[in-house]
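Here is the structure we will look at.
Protein chains: 2
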Amino acid sequence: MPLPRSERTATTAVPEATVARLPVYHRALVALAERGATTVSSEELAAAVGVTSAKLRKDLSLLGSYGTRGVGYEVDYLLYQISRELGLTQDWPLVIVGVGNLGRALANYGGFSSRGFRIVGLLDPDPEIVGEKIGADFLVEVRPLDELEDVVTEAGVLIGVIATPAHAAQAVCDRLIAAGVRSIMNFAPLVVAVPPGVSVRSVDLGLELQVLAFHEQRKLGREEVRS
Amino acid sequence: MPLPRSERTATTAVPEATVARLPVYHRALVALAERGATTVSSEELAAAVGVTSAKLRKDLSLLGSYGTRGVGYEVDYLLYQISRELGLTQDWPLVIVGVGNLGRALANYGGFSSRGFRIVGLLDPDPEIVGEKIGADFLVEVRPLDELEDVVTEAGVLIGVIATPAHAAQAVCDRLIAAGVRSIMNFAPLVVAVPPGVSVRSVDLGLELQVLAFHEQRKLGREEVRS
DNA sequence: CTGCATTGGAGTACACGTGCACAAGCGCCT
DNA sequence: AGGCGCTTGTGCACGTGTACTCCAATGCAG
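Which chain is which? The protein sequence lines are A and B, in order. So in the working numbering, spot 29 of the first sequence is number 30, and the numbers just go up one at a time. So in the working numbering, spot 92 of the second sequence is number 93, and the numbers just go up one at a time.
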């Protein structure tokens with residue numbers, strides 16, 4: 002939704018709204034594959050992810066004509082195609098800056114490695130944390146914040162995760178970009194400024210709750226009126 | 002975007018897209034207030050949150066005509082109005098189910114209490130974790146999962162947070178709703194099914210990264226073509 | 001091999017959200 | 001007291017995304 006117009010590649014033009022849904026399809030397909038399903042109809046898959054079947058078909062048709070009429074989509078094949086489109090078939094090294102509670106949660110989150118994301122660096126300024134080994138599978142050692150540029154350069158990191166307090170976020174963001182990172186995942190509760198060409202996605206945990214509170218308040222208001 | 006049409010209240014009709022931006026405005030205004038600003042123009046505030054000034058003004062005008070022409074918006078006053086609209090002026094008790102890394106991160110997240118959210122229950126099935134005291138300010142004790150219904154009922158909890166593994170999420174969700182919860186914040190990587198009238202917001206950490214990977218792959222593809 | 005039922009894919013109409021531009025209103029300065 | 005400049009608020013047109021409908025392709029059964 003941010004994403005300046007110029008950024009939108011004209012090559013195959015997949016709408017942003019569709020891109021946002023592709024990972025959801027991917028997730029649902031993985032679940033189906035684990036359950037042993039070989040084929041799935043647009044109707045079934047749509048129900049599983051909570052969209053209409055028409056939307057699902059339109060989304061998938063943007064990627065190509067995978068799927069056979071009269072039968073549906075072959076789970077494995079579709080899964081591969083979506084993975085390829087999302088870039089999940091290749092290896093994405095990433096760094097996480099800030100090893101607080103959230104940083105640890107991210108480092109321990111199992112859903113990364115299975116999707117091609119590999120944590121190659123954990124960085125924190127606190128000397129007490131530096132040296133600590135974190136992560137369930139790959140034991141990654143926390144390194145001092147000063148080595149940020151080294152880690153990024155050595156491993157060719159293109160994606161950086163900011164899990165620092167708000168006051169440190171912008172500085173970290175600038176350093177990441179200067180070192181060569183071009184996609185930022187920001188968990189700090191502020192809008193980070195980036196030069197054009199750099200993608201940012203922000204997730205603010207408190208922000209999501211506020212949206213829920215808004216709807217909840219509306220529900221309460223309506224009930225009062227009704228009574 | 003999910004949200005069935007019938008759900009959209011006709012009372013004052015604030016578009017969903019605007020609701021999603023209000024917390025961002027709120028956040029920026031808090032930062033401005035801390036910096037000592039008394040008034041702010043739509044241009045300034047828009048720049049701070051990364052939207053156009055027209056969009057910002059239109060959003061704010063939906064709430065009412067706060068702000069004086071020729072001057073701008075009074076920070077404190079606008080902050081109060083947005084807070085009220087979002088329901089941040091009242092107290093929202095909430096429970097967090099699943100005290101893993103993410104659950105801890107949420108429990109320790111400082112941004113909740115200042116926005117009216119109060120964690121009244123931490124629940125986990127693991128006996129080793131039960132009894133542990135978590136949280137920086139309010140020391141909340143982890144209680145066994147069986148007491149979910151008790152906690153929800155006693156404190157009148159309307160908002161529930163699911164921070165469990167995927168396989169446990171749907172069952173927890175059902176129990177929360179049965180106990181009286183009407184808004185679900187879901188961090189488990191799956192789409193939870195809920196009856197109509199219940200709001201759900203899902204945040205999948207891995208999902209966001211996949212969107213970034215998609216854009217990054219597009220950038221790489223374009224560079225290859227160019228060279 | 002033929003007919004039928006099923007299902008993906010394309011085309012179309014509509015609604016929502018966005019950006020632009022202008023008018024209305026407030027405060028300040030002369 | 002009056003005009004001038006600044007900023008808000010809003011009507012309108014545009015583009016994007018979504019929902020709906022139709023059609024043809026395809027597998028399966030007889």
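Ideal Cβ positions, reconstructed from N, Cα and C, are used throughout, including at glycine. Source: prediction; values computed, not measured.
Where residue i sits in the DSSP three-state scheme
i        : result
THR53/B  : coil
GLY117/A : coil
ILE178/A : helix
ASP77/A  : helix
LEU123/B : strand
GLY161/A : strand
PRO94/A  : strand
ARG183/A : coil
THR39/A  : coil
VAL31/B  : helix
ALA14/A  : coil
LEU46/A  : helix
VAL25/A  : helix
LEU64/A  : helix
GLU129/B : coil
LEU210/A : helix
GLY191/A : As written in the sequence, residue 191/A is Leu, which differs from the Gly given in the question. In the structure shown, LEU191/A sits in coil (DSSP, three-state: anything other than H, G, I, E or B).
LEU89/B  : coil
GLY104/A : helix
PRO3/A   : Model confidence at PRO3/A stands at a pLDDT of 35, short of 50, so the residue's coordinates are unreliable; what they give is reported in the following sentence. Correct three-state label for PRO3/A: coil.
GLY222/B : helix
GLU8/A   : Caution applies to GLU8/A, whose pLDDT of 35 falls short of 50 and renders its modelled position unreliable; the value that the coordinates give is listed next. It is helical.
Closer than 7 angstroms to chain A by CB, residue i
i        : result
VAL20/B  : yes
VAL192/B : yes
VAL141/B : no
VAL158/B : no
SER200/B : yes
LEU87/B  : yes
VAL50/B  : yes
PRO24/B  : yes
ARG28/B  : yes
LEU46/B  : no
LEU123/B : no
GLU225/B : no
Any C-beta of chain B under 7 angstroms from that of residue i
i        : result
THR10/A  : For THR10/A, the predicted model reports a pLDDT of 36, less than 50, meaning its position is unreliable and no value from the coordinates is stated.
ASN187/A : no
GLU209/A : yes
ALA14/A  : no
TYR110/A : yes
SER42/A  : no
SER184/A : yes
ALA106/A : yes
LEU206/A : yes
ARG116/A : yes
LEU103/A : yes
Residues bridged to residue i (per DSSP)
i        : result
LYS134/A : GLU142/A
THR69/A  : GLY73/A
ARG202/B : MET186/B
Closer than 6 angstroms: residue i CB and nearest the ligand ATP heavy atom
i        : result
ALA214/B : Although the ligand ATP was asked about, the structure shown includes no ligands whatsoever.
*Tell me, please, whether the region 181-194 of chain A touches the region 155-168 of chain A by the rule of three or more beta-carbon pairs shorter than 8 angstroms.*
yes
*Are the region 209-222 of chain B and the region 200-215 of chain A touching, with three or more C-beta to C-beta distances below 8 angstroms?*
yes
*Three or more C-beta pairs closer than 8 angstroms, one from the region 104-121 of chain A and one from the region 108-118 of chain B: is that the case here?*
no
*With a cut-off of 8 angstroms, do at least 3 Cβ pairs link the region 58-65 of chain A to the region 148-157 of chain A?*
no
*Relative to chain B, which residues along the region 209-223 of chain A have a C-beta separation below 8 angstroms, given in chain order?*
GLU209, LEU210, GLN211, VAL212, LEU213, ALA214, PHE215, HIS216, GLU217, GLN218, ARG219, LYS220, GLY222 and ARG223
_the region 140-148 of chain A touching the region 66-84 of chain A, judged by at least three CB pairs closer than 8 angstroms_ = no
*Report yes or no: do three or more beta-carbon pairs, one from the region 100-112 of chain A and one from the region 164-179 of chain A, lie closer than 8 angstroms?*
yes
_Touching by the beta-carbon criterion (3+ pairs, under 8 angstroms), the region 212-222 of chain B and the region 18-32 of chain A_ = yes
*asked:* If contact is defined by three or more beta carbon pairs under 8 angstroms, each pair taking one atom from either stretch, is the region 122-142 of chain B in contact with the region 94-102 of chain B?
replied: yes
*asked:* Would the region 66-74 of chain B count as touching the region 38-47 of chain B if we require 3 or more Cβ pairs under 8 angstroms?
replied: yes
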